[in-house]
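Line by line, the protein sequences are chains A and B.
Counting along the first sequence from 1, when you hit position 86 you're at 85 in numbering that gives the first Met the number 0, and nothing is skipped either side.
Counting along the second sequence from 1, when you hit position 100 you're at 99 in numbering that gives the first Met the number 0, and nothing is skipped either side.
Where is the CB? At the ideal position from N, CA and C, for every residue including glycine.
Number of protein chains: 2
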Amino acid sequence: MDEVFRALADASRRALLDRLHARNGQTLGELCDGLAMTRQAVTKHLGILEAANLVTTLRHGREKLHYLNPVPIHQIGERWIKKFERGKLVALSELKRQLEKRDE
Amino acid sequence: MDEVFRALADASRRALLDRLHARNGQTLGELCDGLAMTRQAVTKHLGILEAANLVTTLRHGREKLHYLNPVPIHQIGERWIKKFERGKLVALSELKRQLEKRDE
DNA sequence: TTGACATGCAACCATCTGGTTGCCTATTAT
DNA sequence: ATAATAGGCAACCAGATGGTTGCATGTCAA
C-alpha cells in the first residue's frame, strides 16, 4: 500500500500510467518518446511502478511490453479515499462551528 | 495536485490524517502523543499537509488546532482514481488477450 | 510577575530520490 | 555474419526528504 502511494507521488510516473491508460501494452521505447528524460530514467520509473504492482511487463522478443494494472489504484480508492468521503460535510460544519466559537 | 500526492506518500502523514479523521481539531501536542517522533518532526509533517491544503489550522491562544480538509482527497478520487476504474476489466481482458497470443 | 506550557525557528545530518553517463547483452534484419 | 535495434546494469551526482537538537517566543496560571 505504501509502495503504491510512493509510486503515485511522482508526476512523471503518473504520466506514464496515463500513457498506458491511453494505450496499453507499450514498449519501453514507445514510452520514452517525447519525454525529456533518458531511457534509463524511464526504466527506473517503470521499475518502481512494477514494484508497486501498478504495471506488469511481458517480454516479447527483444521488446518489453508494459501493461497497466489498475487494481492497486482501485484499492486506494476503496480503502483510503472512500473513508474520507463521508466526513467531508461533517468536517466542514465542525470547522464552521469552531470558527464561530472563536471569540468566546 | 502534485503536492497532495506527495503529502499522501508518507505513512506518518497518512497516520496524522487518520488521527484527525478520528477526532478533528486536535492540538499539535495531542497529535504528537504516542508517536515515535519529535514534536518538530510532527510540525514539519503538518506543515506539508497544510501546504497541500489537507489540513487547516486555527490558533486558539497558545494552542494550534488542526482540522482535516478532505476536499483534496476527494478531488484525487474524482479526477484521478475514477479515470482508472472503468478501464479495469478492459485492461485485464486485453492483458489476457496478449498473453494468449504470446506463442503465435 | 514569574514559571510552566505550547509552539516556532534554524542549523545540521544521513539517507533516499531522480537523474545522468558509459558500457554490456540479446534479438532482429539485411 | 554483422550491423542495427531494444533493452539491462552499475557507478556516480546534486538536491530533496525525514529526522534530530538547541534555543527563542508567546500565552496562561498561580
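With respect to the alpha helix (DSSP H) encompassing residue i, which residues constitute its N-terminal and C-terminal limits?
i               : result
Glu77 (chain A) : Per DSSP, Glu77 (chain A) belongs to no alpha helix (DSSP H) and is neither H nor E.
How big is the Cα-Cα spacing for residue i and residue j?
i                : j               : result
His65 (chain A)  : Leu57 (chain A) : 7 Å
Thr55 (chain B)  : Leu30 (chain B) : 14 Å
Asp17 (chain B)  : Ile72 (chain B) : 12 Å
Thr42 (chain B)  : Glu62 (chain A) : 48 Å
Arg5 (chain B)   : Ala51 (chain A) : 16 Å
Glu84 (chain A)  : Gly60 (chain B) : 31 Å
Leu19 (chain B)  : Asp9 (chain A)  : 25 Å
Asp1 (chain B)   : Arg12 (chain A) : 12 Å
Arg22 (chain B)  : Leu53 (chain B) : 15 Å
Gly46 (chain B)  : Ala40 (chain B) : 10 Å
Gln25 (chain B)  : Ile80 (chain A) : 21 Å
Met141 (chain A) : Leu15 (chain B) : Missing from the structure shown is residue 141 (chain A); chain A here goes from 0 to 103 and no further.
Glu49 (chain A)  : Val70 (chain B) : 29 Å
Leu27 (chain B)  : Lys82 (chain B) : 36 Å
Gln74 (chain A)  : Gln74 (chain B) : 16 Å
Leu7 (chain A)   : Leu34 (chain B) : 26 Å
Using a Cβ-Cβ cut-off of 7 Å, state whether residue i counts as contacting chain B.
i               : result
Arg5 (chain A)  : yes
Ala10 (chain A) : yes
Ile72 (chain A) : yes
Ile80 (chain A) : yes
Please name the residue or residues paired with residue i in a DSSP beta bridge.
i               : result
Arg58 (chain B) : B:Lys63
Any C-beta of chain A sitting closer than 7 Å to the C-beta of residue i?
i               : result
Gly76 (chain B) : yes
Asp1 (chain B)  : yes
Leu15 (chain B) : no
Glu99 (chain B) : Here the model assigns Glu99 (chain B) a pLDDT of 49, short of 50, so the residue's position is not dependable and the matter cannot be decided.
- Task: Would you mind listing the alpha helix (DSSP H) stretches within the segment 4 to 55 of chain B that are 4+ residues and don't spill past its ends, in chain order?
- Result: Taking only runs of at least 4 residues, the alpha helix (DSSP H) segments lying wholly in the segment 4 to 55 of chain B are 10 to 21, 27 to 31, 38 to 50.
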